[in-house]
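Some notes on the structure that comes next.
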Amino acid sequence: MDAPKFQLHIAMYPWFAIGHISAYLHLANKLAKRGHKISFIVPKRTKSKVEHFNLYPQSITFIPITIPLVDGLPPHAETTFDATISLGPLIMTGMDRTEKDIELLLLELKPSIILFDYTCWIPNLARSLGIKSVHYITLSMIFESYMECMEKQFREKNIVAHELNVLNPPAGFPDPSIKLQAHEVRQLTKIVNSEFGSGVRYYERISTSTKLADAVAFRSCREIEGLYVDFLESSYGKPLLLSGPVIPEPHTSPLEEKWSEWLSRFKEGSVVYCAFGSECRLHQDQLKELLLGLELTGFPFFAALKAPVGFESVEEAIPKGFSERVRGRGIVHGSWVQQTLILDHPSVGCFITHCGVASLLEALVSKCQIVVLPNYIDQLLNAKMISSSIKGGVQVEKGEEDGLFTKESVCRAVKTVMDLESEVGREVRENHLKLRNLLLTKDLENAYFDSFCLKLQELVG
0 MDAPKFQLHI
10 AMYPWFAIGH
20 ISAYLHLANK
30 LAKRGHKISF
40 IVPKRTKSKV
50 EHFNLYPQSI
60 TFIPITIPLV
70 DGLPPHAETT
80 FDATISLGPL
90 IMTGMDRTEK
100 DIELLLLELK
110 PSIILFDYTC
120 WIPNLARSLG
130 IKSVHYITLS
140 MIFESYMECM
150 EKQFREKNIV
160 AHELNVLNPP
170 AGFPDPSIKL
180 QAHEVRQLTK
190 IVNSEFGSGV
200 RYYERISTST
210 KLADAVAFRS
220 CREIEGLYVD
230 FLESSYGKPL
240 LLSGPVIPEP
250 HTSPLEEKWS
260 EWLSRFKEGS
270 VVYCAFGSEC
280 RLHQDQLKEL
290 LLGLELTGFP
300 FFAALKAPVG
310 FESVEEAIPK
320 GFSERVRGRG
330 IVHGSWVQQT
340 LILDHPSVGC
350 FITHCGVASL
360 LEALVSKCQI
370 VVLPNYIDQL
380 LNAKMISSSI
390 KGGVQVEKGE
400 EDGLFTKESV
410 CRAVKTVMDL
420 ESEVGREVRE
430 NHLKLRNLLL
440 TKDLENAYFD
450 SFCLKLQELV
460 G
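Residue numbers (numbering that gives the first Met the number 0): 0 to 460.
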């Protein structure tokens, strides 16, 4: 790797969610590989959970920070992994209360740039210290474009969220073919006005961060979200940086032996892997439908899922008699697994994903067929992009009004992508393969990341 034009010292302060922290760490690894220095600010007890992602400890230094107590938040909770989704606003409030500590750290560290996520007070603080700020957004560009258009309509029409009919895309949205169901509209409009820590609305955090930052950056590329690059750059009126897909560096450790041995029992491409990230907790009735749907497919399966709402573990919520019926061909596991290594295993042929950005990228660069089952926020639009625009996967059907899926809809989606004779299956497999080959082209990723580093250096001057 060539030496950088000049070495940057970059501070990183991602939102306290494991998915966001790991996305920033993957970025940090790429930057460190190119000779840059990273000061990575992370909650004290969370450091041990993510330090295995640090592939360049000589260049990436973890800076632990203590989260102030917040009424209603369990004392041990530092990230969304430690609490339910409903407590997210309280975790954000705790993060806001670190502002003075962050100021002291930045005075001591003296970075040239800080990359941040949701903490909309960072740009003004950084500017006062002579530091450039970049709002590095780990959500998708399609979601940001949709929300930007919705927010603009709210302002122009002076209405509240529930008064706007957005079954069709809001005015100005780049892809008019995207259609939402009633339950998706309710969720997105609720998000726009929901409070997300310290009395600040969710989307207000994003828009304020974007407005005040010196630049905005996304973990994306034109090959996936080309429609939205020019739209957002014009809308923001400031530099928009693309890091490219930031495909994680290859793992140096092997897949855990017990999982490798179990998967190896089955023929190539026959196992269905299902996982919904570090935050999603289904309700028990939907967990039941999901598991019965996996059983109904007849394929072997591995489901890595968090405990459903109201339960301490996923195991205690498994339907009666289910474990006995699928013994030997089905696993339901409630703890962290090496997802990328599971997806790389030759026996795994299908990935049912919630469509978070990180998991979606892992799906796209894998050989697995893709089934999308989004749960909330940006996942809804990511799923539309993959299933409707790119046509690289199949979405599990949900009820128009209630947003519920059934065991039959889960089974139908899986069989569609796994059936070699299915016309829809053939189309999504072909489209996925084309995009996978493109994303794995080293020249493409290097070109994006070289440009990303150059623009960071130009920002510093």
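Think of the CB as a built atom: it goes at the ideal place given N, C-alpha and C, for glycine as much as any other residue.
Cross-strand partners of residue i (DSSP beta bridge)
i: Arg-200; result: Glu-194
i: Lys-131; result: Ile-112
i: Pro-42; result: Ile-64
i: Met-91; result: Answer by DSSP bridge pairing: none, since Met-91 is not bridged.
i: Cys-273; result: Ala-302, Ile-351
i: Ala-214; result: Val-133
i: Met-11; result: Phe-39, Leu-114
i: His-75; result: Bridge partners of His-75: none, in fact.
i: Gln-394; result: Val-371
i: His-431; result: In DSSP, His-431 forms no bridge with anything.
i: His-332; result: Ala-303
i: Leu-438; result: None, per the DSSP bridge assignment.
i: Leu-241; result: Phe-217
i: Ile-477; result: Only positions 0 to 460 of the chain appear in the structure, and residue 477 is not among them; the question remains open.
i: Ile-59; result: Ile-37
Sequence-distant residues of the same chain with beta carbon closer than 6 Å to residue i, five excluded per side
i: Ile-20; result: Pro-13, Val-49
i: Glu-162; result: Low local confidence applies: a pLDDT of 47 at Glu-162 is under 50, so the model's placement there is unreliable, with the coordinate-based value given in what follows. Within the same chain, Glu-162 has no close Cβ partners at all.
i: Ser-234; result: Glu-147
i: Thr-92; result: Val-69, Gly-196, Ser-197
i: Leu-281; result: Pro-307
i: Arg-44; result: Glu-77
i: Glu-222; result: Leu-437
i: Lys-383; result: Ile-177
i: Cys-273; result: Ala-302, Ile-351
i: Leu-89; result: Val-69, Gly-71, Leu-72
i: Tyr-201; result: Ile-190, Ser-193, Phe-195
i: Phe-300; result: Val-271, Leu-293, Gly-329
i: Ile-385; result: Val-371, Gly-391, Gly-392
Contact under 8 Å by Cβ, residue i with residue j
i: Leu-443; j: Ser-139; result: no
i: Gly-392; j: Val-370; result: yes
i: Glu-294; j: Phe-321; result: yes
i: Leu-291; j: Lys-397; result: no
i: Ile-121; j: Ser-111; result: no
i: Leu-240; j: Phe-61; result: no
i: His-344; j: Gln-378; result: no
i: His-25; j: Leu-7; result: no
i: Thr-97; j: Val-356; result: no
i: Phe-80; j: Ile-17; result: yes
i: Tyr-145; j: Arg-204; result: no
i: Leu-434; j: Ile-389; result: yes
i: Arg-218; j: Ala-446; result: no
Residue i Cβ short of 7 Å to the ligand FAD heavy atom set
i: Thr-137; result: For the ligand FAD, the structure offers nothing, since it holds no ligand at all.
Cα-Cα separation, residue i to residue j
i: Glu-548; j: Ser-242; result: The structure shown does not extend to residue 548, since the chain spans only 0 to 460, so no value can be given for it.
i: Arg-227; j: Ser-277; result: What sits at residue 227 in the sequence shown is Tyr, not Arg. Spanning the two alpha carbons is a distance of roughly 27 Å.
i: Gln-500; j: Ile-141; result: Residue 500 cannot be examined here, being either before or after the span of the chain that is shown, 0 to 460.
i: Val-395; j: Gly-402; result: 11 Å
i: Leu-68; j: Ile-84; result: 18 Å
i: Pro-56; j: Phe-298; result: 41 Å
i: Arg-411; j: Met-417; result: 10 Å
i: Ala-181; j: Glu-400; result: 5 Å
i: Pro-63; j: Glu-426; result: 48 Å
i: Gly-236; j: Ala-216; result: 13 Å
i: His-75; j: Asn-192; result: 29 Å
i: Ile-66; j: Met-94; result: 7 Å
i: Ser-312; j: Lys-454; result: 46 Å
i: Lys-366; j: Leu-254; result: 17 Å
i: Lys-305; j: Cys-279; result: 7 Å
i: His-250; j: Val-271; result: 22 Å
i: Ile-341; j: Trp-258; result: 8 Å
i: Pro-173; j: Leu-262; result: 42 Å
i: Ser-346; j: His-51; result: 26 Å
i: Leu-211; j: Pro-247; result: 30 Å
i: Asn-463; j: Asp-100; result: Here the chain has residues from 0 to 460 only, and residue 463 is not among them.
Contacts around residue i, its chain only, beta-carbon distance under 8 Å, and the 5 residues preceding and following it disregarded
i: Leu-105; result: Ala-10, Ile-113, Leu-124, Ala-125, Leu-128, Ile-130
i: Lys-441; result: none
i: Arg-428; result: Gln-368, Val-416
i: Gly-327; result: none
i: Leu-458; result: Ile-112, Lys-131, Val-133, Asp-213, Ala-214, Pro-238
i: Glu-314; result: Val-331, Gly-333
Cutoff 7 Å; reference residue i; Cβ partners in own chain excluding five residues on either side
i: Phe-448; result: Lys-29, Ser-242, Gly-243
i: Ala-31; result: Ile-37, Tyr-55, Ser-58, Ile-59
i: Thr-209; result: His-134, Val-215, Tyr-235
i: Leu-439; result: Val-364
i: Cys-220; result: Leu-241, Gly-243, Pro-244, Tyr-447
i: Lys-319; result: none
Cβ contact check for the stretch 353-364 and the stretch 326-337: 3 or more pairs under 8 Å: no
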